[in-house]
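J.: Have a look at this one.
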Amino acid sequence: MKQIQSKEVREVLREAESILGLCCEAIPIEAYRQGTKAVGAYRFRETAGRIDPVSFVFCREILEGYWPRDVIRSVVFHEYAHFYANASDQKNHHHDAVFRSVCHRLGISSKATVPVPARRHQPAYLLRCSVCNKKVAERIRKDSALRLLKTHQSTCCRAPLTLEVRRGRPMTKKNLLEE
0 MKQIQSKEVR EVLREAESIL GLCCEAIPIE AYRQGTKAVG AYRFRETAGR IDPVSFVFCR
60 EILEGYWPRD VIRSVVFHEY AHFYANASDQ KNHHHDAVFR SVCHRLGISS KATVPVPARR
120 HQPAYLLRCS VCNKKVAERI RKDSALRLLK THQSTCCRAP LTLEVRRGRP MTKKNLLEE
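What follows is the structure in structure tokens.
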């Protein structure tokens with residue numbers, strides 16, 4: 000995991016600390032490398048009846064402040080509630096009554112879901128006809144675009160496809176496979 004310092008997330012954690020009084024300043028904040036379902040997690044290690052905090056993990060949208068502050072606050076408070084409930088008596092409380100009471104004290108819902116804005120992924124790879132330059136397909140993932148580039152031809156001109164990378168130069172099958 001990539002350890003980062005998000006000022007906004009730290010500020011929200013300090014706000015939760017001020018409400019409940021348990022400091023979590025020493026716990027690192029990390030970013031999910033990939034994954035789109037979970038937006039946050041509190042990681043800990045259970046050894047010999049002790050729960051030791053490992054990290055708070057958040058998705059990129061939380062750490063970079065893409066979502067509204069109330070959504071970020073709700074997610075960060077939820078993960079802090081896990082930390083507080085587990086640290087209070089050294090037991091993993093999941094989403095039980097102890098956890099729900101901590102959420103209530105923080106003024107948030109104990110549900111594991113929050114109404115997050117839709118994640119819009121901009122297709123990074125456009126496949127075009129090499130003759131007429133008509134758009135044939137678009138893909139988010141590189142491996143999917145490469146598979147189409149190798150195995151398909153355009154329906155309009157029955158010509159090979161070219162791949163346009165939105166974050167760089169136009170690519171053909173030849174120079175893409177050289178990478």
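Residue numbers (numbering that gives the first Met the number 0): 0 to 178. C-beta atoms are modelled at their ideal positions from N, C-alpha and C, and glycine is treated no differently.
1. How many Å lie between Arg68 and Ile61 at the Cα?
2. Which stretch, first to last residue, makes up the beta strand (DSSP E) that contains Tyr124?
3. Quick one: give me the first and last residue of the beta strand (DSSP E) that Glu63 is part of.
4. Relative to the C-alpha of Gln121, which residue among Ser109, Arg140, Glu10, Val113 is closest?
5. Just to confirm, are Cys128 and Cys102 a CB contact at a threshold of 8 angstroms?
6. Less than 8 angstroms between C-beta atoms, sequence neighbours within five positions excluded: which residues of the same chain meet that for Asn91?
7. Less than 8 angstroms between the CB atoms is what I'm expecting for His81 and Phe98, so what's the real figure, rounded?
8. To the nearest angstrom, how far is the alpha carbon of Gly48 from that of Pro114?
9. Just to confirm my understanding: we take Val38, look at its own chain, exclude 5 residues before and 5 after, and list those with CB closer than 8 angstroms. What are they?
10. For Met170 and Leu145, what's the separation of their Cα atoms in angstroms?
11. Keeping to the same chain, check which residues put their C-beta closer than 7 angstroms to that of Ala136; ignore five residues upstream and five downstream.
12. Note down the Cα distance separating Ala96 from Glu63, rounded to an integer number of angstroms.
13. Taking only runs that begin and end inside the region 5–33, name each unbroken beta strand (DSSP E) of 3 or more residues, in chain order.
14. Inspect the beta-carbon positions of His77 and Ile28 and report whether they are closer than 8 angstroms.
15. Once you ignore the five residues that flank Ala123 on each side, which residues in its own chain have a CB closer than 7 angstroms to its CB?
16. Exposed or buried, what is Asn174 when buried is set at 16 or more other beta-carbons lying within 10 Å of its beta-carbon?
17. On the DSSP letters alone, give me the boundaries of the beta strand (DSSP E) that Arg146 sits inside.
18. Just the Cα atoms here: how many angstroms apart are Ala133 and Leu162?
19. According to DSSP, simplified to helix, strand and coil, what is Ala96?
T.: The short version:
1. 9 angstroms
2. 124–128
3. Taken as a continuous stretch (DSSP letters only), Glu63 belongs to no beta strand (DSSP E), as it is neither H nor E.
4. Arg140
5. no
6. Phe43, Glu45, Ile50, Asn85
7. 7 angstroms
8. 35 angstroms
9. Phe57, Cys58, Glu60, Ile61, Val74, Val113, Val115
10. Confidence is the limiting factor: at Met170 the pLDDT is only 49, short of 50, which leaves the residue's position unreliable, though a coordinate-based value still follows. In a straight line, the C-alpha of Met170 is about 11 angstroms away from that of Leu145.
11. Leu126, Leu147
12. 32 angstroms
13. 28–30
14. no
15. Ile139, Val164, Arg165, Arg166
16. Confidence at Asn174 is low in this model, with a pLDDT of 48, below 50, so the placement of that residue should be treated as unreliable; the coordinate-derived value is given next. When all chains shown are included, Asn174 counts as exposed.
17. Unbroken run through Arg146 is the alpha helix (DSSP H), 141–150; no beta strand (DSSP E).
18. The question names Ala, but residue 133 is Lys in the sequence shown. About 12 angstroms.
19. helix
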